[in-house]
Amino acid sequence: MKYDHKPIEKKWQEKWEQSGVFHASNNSDKPKFYALVEFPYPSGQGLHVGHPRSYTALDIIARKRRMQGYNVLYPIGWDAFGLPTENFAIKNHIHPAEVTKKNIARFKQQLQSLGISFDWSLEINTTDPEYYKWTQWIFLQFFKRGLAYKKEMAVNWCTSCKCVLANEEVVNGVCERCGSEVIRKVKSQWMLKITEYAQRLIDDLDLVDYPDRVKAQQINWIGRSTGAEVDFHTTTGDKLTVYTTRPDTLYGATYMVVSPEHPLLEKWADKLRNMEEIRAYQAEAARKSDFERTEVAKEKTGVRLDGVSAINPVTGKEIPIFISDYVLVSYGTGAIMAVPAHDTRDWEFAKKFGLPIIEVVKGGDVQKEAFTDCATGVMVNSGILDGLTVEEAKKKIIEYLTEKGIGHSKVNFKLRDWVFSRQRYWGEPIPIVYCEKCGYVPLPESELPLKLPEVKSYEPTDNGESPLACMTDWVNTTCPHCGGKAKRETDTMPQWAGSSWYFLRYMDPHNKEAFAGKDALKYWTPVDWYNGGMEHTTLHLLYSRFWHKFLYDIGAVPTPEPYAKRTSHGMILGENGEKMSKSRGNVVNPDEIVDTYGADTMRLYEMFIGDFEKAAPWSSAGIKGCRRFLERYWNLQNILTDENGVRKSLEIAFNKTIKKVGEDIEALKFNTAIAALMALMNDISDVGSITSDELKIYSILLNPFAPHATEEIWETLKLGNGMVCQQEWPKYDEAKCMEDTIEIAVQVNGKVRARLNVAADIEKDAALSAAKAEEKIAAEISGKTIVKEIYVPGKLVKIVAK
RNA sequence: GCGGAUAUGGUGGAAUUGGCAGACACGCCAGAUUUAGGUUCUGGUGAGUAACCCUCGUGCAGGUUCAAGUCCUGUUAUCCGCACCA
17 MKYDHKPIEK
27 KWQEKWEQSG
37 VFHASNNSDK
47 PKFYALVEFP
57 YPSGQGLHVG
67 HPRSYTALDI
77 IARKRRMQGY
87 NVLYPIGWDA
97 FGLPTENFAI
107 KNHIHPAEVT
117 KKNIARFKQQ
127 LQSLGISFDW
137 SLEINTTDPE
147 YYKWTQWIFL
157 QFFKRGLAYK
167 KEMAVNWCTS
177 CKCVLANEEV
187 VNGVCERCGS
197 EVIRKVKSQW
207 MLKITEYAQR
217 LIDDLDLVDY
227 PDRVKAQQIN
237 WIGRSTGAEV
247 DFHTTTGDKL
257 TVYTTRPDTL
267 YGATYMVVSP
277 EHPLLEKWAD
287 KLRNMEEIRA
297 YQAEAARKSD
307 FERTEVAKEK
317 TGVRLDGVSA
327 INPVTGKEIP
337 IFISDYVLVS
347 YGTGAIMAVP
357 AHDTRDWEFA
367 KKFGLPIIEV
377 VKGGDVQKEA
387 FTDCATGVMV
397 NSGILDGLTV
407 EEAKKKIIEY
417 LTEKGIGHSK
427 VNFKLRDWVF
437 SRQRYWGEPI
447 PIVYCEKCGY
457 VPLPESELPL
467 KLPEVKSYEP
477 TDNGESPLAC
487 MTDWVNTTCP
497 HCGGKAKRET
507 DTMPQWAGSS
517 WYFLRYMDPH
527 NKEAFAGKDA
537 LKYWTPVDWY
547 NGGMEHTTLH
557 LLYSRFWHKF
567 LYDIGAVPTP
577 EPYAKRTSHG
587 MILGENGEKM
597 SKSRGNVVNP
607 DEIVDTYGAD
617 TMRLYEMFIG
627 DFEKAAPWSS
637 AGIKGCRRFL
647 ERYWNLQNIL
657 TDENGVRKSL
667 EIAFNKTIKK
677 VGEDIEALKF
687 NTAIAALMAL
697 MNDISDVGSI
707 TSDELKIYSI
717 LLNPFAPHAT
727 EEIWETLKLG
737 NGMVCQQEWP
747 KYDEAKCMED
757 TIEIAVQVNG
767 KVRARLNVAA
777 DIEKDAALSA
787 AKAEEKIAAE
797 ISGKTIVKEI
807 YVPGKLVKIV
817 AK
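Each number in my numbering corresponds to the 1-based position in the first sequence with 16 added.
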C-alpha cells in the first residue's frame with residue numbers, strides 16, 4: 017500500500033479532536049505539565065514556516081510527557097491586537113475586528129493541518145472583550161498601587177501625516193508611508209513603573225531555568241550600575257546634579273555636558289547669550305533617535321553654553337557646560353561630568369572642542385587616547401585620592417561627598433519605565449477617565465470590560481490623538497468619583513499588554529469572576545516549559561515577568577516567577593540564507609509543503625533541519641529526505657515477521673535508540689534524535705525484517721515527530737489497544753545499551769596508527785599491552801623511550817614516545 | 001555604538017568532561033531493477049596524491065596541552081535585539 021498522507025492526516029486530526037485525547041484536566045491525580053509556546057499574531061500573510069518550528073518542538077515534548085503519564089496543558093491562542101491589522105483596516109475600510117476574525121480562521125485551519133496536540137477548548141484571543149476585560153483589570157490594579165502614572169514622553173511625529181508613528185514606521189528618519197520628515201514630539205503618556213521591579217527582575221533569575229544567554233541579555237538590558245550622584249554648583253546659583261559610575265575621576269572633570277532636553281536650559285534661557293544656537297541644536301537633536309545619538313562612531317557635536325558655567329566641587333575650578341546629544345535625558349540625571357582622560361566619548365568631544373585633558377589615573381597616555389582601565393591604575397593629580405587604586409578611590413570620594421552633603425552613592429538602571437500608551441484604535445482601551453475636579457479616576461471594576469466603540473475611521477487624528485478621540489459620545493462621560501463631567505482616556509494599550517499575562521488565562525479561560533480561578537492557578541502555575549524566540553528576551557519576556565511579579569505581590573498568583581524553564585528556537589531562513597520576507601521573495605508557504613509532502617514530513621523536516629536553537633536555511637531538497645524516511649517507515653509493514661519480541665540482533669540498537677531519543681528530546685536535540693531513528697531504520701533494513709513488538713516500539717518513538725503515520729500503522733496492523741499517543745513511553749535497559757566489544761583507536765604521538773577490537777570494559781594495562789602487541793605500533797615505538805601512556809576508556813589508547 | 005550569539009565537506013548539520021573530525025541526511029558519481037522519465041535498491045563520496053598504511057584539514061593569527069572544532073589572547077565576517085513591529 018502506498019503512503020498517501022492526505023486522507024491519513026485528515027482522519028487522525030478529526031479523531032484526536034473528537035476524542036479529546038489532548039484535553040488537559042483540571043482535576044487529575046497525574047503530575048501536571050504546562051507546556052507553552054508564544055501565541056502568534058494572526059497576520060494577513062498566514063502562517064509562516066517559522067511558526068511550526070517552535071510549536072512542533074513543544075508538541076513533541078507534550079506528546080512524550082503524556083506518554084510518560086503527565087496531565088499536560090498545551091494551549092494556543094491569538095495575540096491579535098496590532099499595527100498591521102489596524103493599517104490594513106485603515107487602507108481597506110474594514111473593521112479591524114473583521115480582519116482579525118478572518119486571519120484567525122486561516123491561522124487556525126493552518127495550525128490544525130499540522131497535527132499539533134493543542135487543547136483547542138482553551139483557545140484565547142486578546143481582542144475578545146471577555147479577555148481584555150482582565151487586561152484592563154490588571155491595569156487598574158497597577159494604577160491603584162501607583163505603578164501606572166502619566167509622564168511627558170517624546171513620540172515619533174510625522175510632520176505631514178500629523179500622527180504618531182511607531183519606531184517601525186520610521187525608516188531612515190522619514191515616515192514610511194509619506195516619506196516626510198519625522199520629529200520627536202512630547203506627549204503625555206501612561207507609564208508602567210517596571211523600574212520598581214528592576215532589582216527583583218535580576219535577582220529572581222536565580223529561581224528559574226533559562227539559558228545563560230537569555231539571563232545575560234536580560235541582566236544587561238536592565239543594566240544595573242553602581243556609581244554616585246554629585247552636585248555641581250553653577251554660576252547661576254542652580255545646582256546641576258550628575259550621575260557617574262566613575263566618581264573616582266572627579267578631579268579630572270574638566271567640563272560638563274547636559275542633554276539638549278535638560279530642564280535647566282529653559283530656566284537659564286535669559287542668561288544664555290547664545291540661546292538661538294542652542295535652540296537650533298535642540299531642534300536638530302529632536303530629529304534623532306536615542307539610538308542614532310549614542311552611536312560612538314559618529315563625529316561628536318555640541319554647543320557651549322555662553323553665560324553659564326559650573327564649578328568642580330573638589331578642585332574649585334570653573335568649568336564650561338555644553339549641550340550635546342550623546343547625553344540622554346532618559347538615563348541618570350540627563351547630565352554628566354566629563355572626564356576626557358578616562359572616557360572615550362568625553363575624550364573625543366574634548367579633542368574636537370580643544371578642552372583640557374587631565375590625567376587622574378596613571379597607566380596610559382591620555383593625550384593619545386582615553387585610559388579606561390579600572391583594574392590597574394593608581395590615582396594621581398587627585399588631592400585626597402592620590403596613590404589609591406580606582407576601587408579605593410571610589411569608596412573614599414563617595415564618603416567625602418556624602419560628608420560634605422554634595423553627593424552620595426547611587427544605583428542606576430538602564431531599564432526605563434514602560435511607555436504604555438498608544439495613539440491607536442486597535443488596542444485595549446485604558447479604563448481611566450479624567451475629571452477636572454478629581455483628576456485621573458479609575459473605572460469601577462464592575463464596568464469592565466470597557467469595550468472599544470465603533471468608529472468610522474481608524475486613522476489617528478490630526479493632533480496625534482487616537483481615533484477614539486473623535487467619538488465624543490464615548491469620550492464624554494461622568495466621573496465615577498464625583499459624578500461631574502469627565503472625559504475618557506482615548507489612548508489604548510500596547511500589544512505587549514495582552515501577551516503579558518495570557519498564559520494565566522489558559523488555565524481557566526471561561527472564568528467570568530476572575531482572570532483565572534484560584535484552584536486552577538494553584539494547580540498549573542508556573543509554566544513548566546516556555547519556548548519562544550530570542551527576539552522576545554528583553555521585551556515580552558521581561559514585561560510578562562514584571563506583570564507576574566506584580567500579580568504575585570497583590571496575592572493574585574501563587575508564584576513569584578511565571579516560567580520555570582525557558583528555551584528558544586532559531587529562525588528558519590529562506591533558501592538563500594536570508595531572513596524570510598515578502599520583499600526578498602524567499603517565503604515558503606507551509607500549506608504547499610503540507611499539501612505536497614504531508615504534515616508529518618513537514619514536522620520531521622523542521623526538527624531535522626539543524627540545531628533547534630540556531631537559525632537554519634530552508635531547503636526544498638532536504639525535505640525530500642524526510643519524506644523518504646517516512647516512506648521507509650511506512651514500508652516496514654511489508655517486512656513484518658511472525659517472530660516475537662525484540663530480537664537479539666537488534667536488541668542493543670533498540671535500547672540505545674530508546675535512550676538517545678528520550679534524552680535528545682529533553683535536550684531539544686531533535687535533529688540527532690531523528691538521526692538516531694534513521695540509523696535504527698538502517699539497522700532494521702540490514703536485518704531485512706521487523707517483528708510487531710519492534711514496530712510497536714519504533715512507532716511510539718516516532719509518534720511525537722510523525723503522529724499521523726504512526727497512528728495509521730498502529731491501527732492498520734493492530735499493534736495495541738488505543739492510539740499510539742496513549743501508549744506508555746518505552747523503557748530501556750542500561751546494560752543493553754553497549755556492545756560487548758568495541759573498537760578503540762591507538763595513537764602514537766598524536767597520530768592514529770591502529771585500531772583495536774577490545775572488550776568494552778578493558779582496563780588500562782590490558783589495553784596498552786594489546787596496543788603494543790600490534791605490529792604497526794611495535795614498529796612505531798621500537799628504539800624510542802615511552803614518555804607517557806594514556807588510556808581514555810572506550811575511546812583510545814595513546815603512547816607518547818621520543 | 002551597546003548587548004547577545006554564530007563560523008566545521010559541494011549543502012544542512014554531528015562530535016558528554018579537551019580524547020578517532022565529518023554521525024544522520026541532501027547533493028553528486030558508479031552499478032542494479034524498471035525503463036519513457038521518475039521511484040526503489042547497492043556501493044562510493046573532506047582535500048592533496050598514480051596510490052597509500054602518507055600529508056593537510058573545523059573563519060583568520062597566535063598560545064596552553066601528550067592531545068584543541070572544543071580552553072586562552074587577538075582579529076575578521078555574519079546574524080538577532082536596542083524600548084511605539086510582532
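Don't be surprised by glycine CBs; every beta carbon is placed ideally from N, CA and C.
Three-state secondary structure (DSSP) of residue i
i      : result
GLN763 : strand
ASP75  : helix
GLN205 : strand
ALA96  : coil
LYS378 : strand
GLU779 : coil
CYS390 : coil
PHE155 : helix
ASN141 : strand
MET596 : coil
VAL230 : helix
TRP136 : helix
CYS191 : strand
For residue i, the nearest candidate out of the options (CA to CA)
i      : options                           : result
GLY601 : PHE155, THR360, ARG561 and GLU591 : GLU591
GLY62  : LYS685, VAL603 and LEU656         : VAL603
ARG79  : PRO100, ASP699, ALA51 and PHE645  : ALA51
ILE352 : LYS48, VAL273, GLN763 and THR250  : VAL273
VAL740 : HIS724, ASP144 and CYS753         : HIS724
THR72  : GLU731, GLY85, ILE92 and TYR86    : ILE92
GLY499 : ALA326, LYS411 and TYR450         : TYR450
GLY443 : MET83, ALA96, VAL813 and SER41    : ALA96
TYR19  : GLY704, TYR613 and ALA164         : TYR613
ASN428 : GLY641, ILE758 and GLU212         : GLU212
THR506 : TYR518, CYS486, CYS495 and ASP524 : CYS486
ASN479 : LYS201, LYS453, VAL224 and PRO460 : LYS201
VAL258 : ARG644, LYS124, LEU417 and LYS640 : LEU417
GLN233 : ILE110, GLU608 and HIS556         : HIS556
ARG122 : LYS565, GLY60, LYS675 and ASN527  : GLY60
ASP489 : GLU470, GLY66 and SER701          : GLU470
PRO58  : GLY393, GLU102 and TYR522         : GLU102
Residues bridged to residue i (per DSSP)
i      : result
VAL768 : GLN763
ASN773 : GLU759
SER176 : DSSP output for SER176 lists no bridge partner at all.
SER584 : GLY548
SER325 : PRO336
THR494 : LYS501
CYS451 : GLY455 and ALA502
PRO445 : THR508
Integer-rounded CB distance, given that residue j should sit under 8 angstroms from residue i
i      : j      : result
HIS424 : ALA214 : Not a contact, Cβ separation roughly 19 angstroms.
GLU481 : GLN439 : 6 angstroms
TYR568 : TRP434 : That belief does not hold up - the Cβ atoms of TYR568 and TRP434 are roughly 18 angstroms apart, past 8 angstroms.
LYS752 : ILE668 : 6 angstroms
ASP627 : ASN671 : 26 angstroms between Cβ atoms; not a contact.
PHE436 : LEU217 : Going by Cβ atoms, the distance from PHE436 to LEU217 rounds to 17 angstroms, so no, they are not a contact pair.
THR584 : MET550 : Note that residue 584 is Ser in the sequence shown here, rather than Thr. SER584 to MET550, Cβ: 5 angstroms. Contact.
LEU718 : TYR649 : 7 angstroms
THR673 : ALA691 : That pair is no contact at about 10 angstroms.
VAL37  : GLN763 : Incorrect: roughly 54 angstroms between the Cβ atoms, too far for contact.
ILE681 : ILE639 : Between ILE639 and ILE681 the Cβ distance is about 21 angstroms, and since that is not below 8 angstroms, they are no contact.
Tell me whether the stretch 168 to 188 and the stretch 531 to 548 touch, counting them as touching only if at least three CB pairs, one residue from each stretch, are closer than 8 angstroms. no
Would you check if the stretch 184 to 192 and the stretch 163 to 176 touch, i.e. whether three or more CB-CB distances between them fall below 8 angstroms? Enough Cβ pairs lie closer than 8 angstroms, so yes.
Are at least three pairs of beta-carbons, each pair with one atom in the stretch 359 to 378 and one in the stretch 274 to 287, less than 8 angstroms apart? no
Tell me whether the stretch 576 to 583 and the stretch 222 to 231 touch, counting them as touching only if at least three CB pairs, one residue from each stretch, are closer than 8 angstroms. yes
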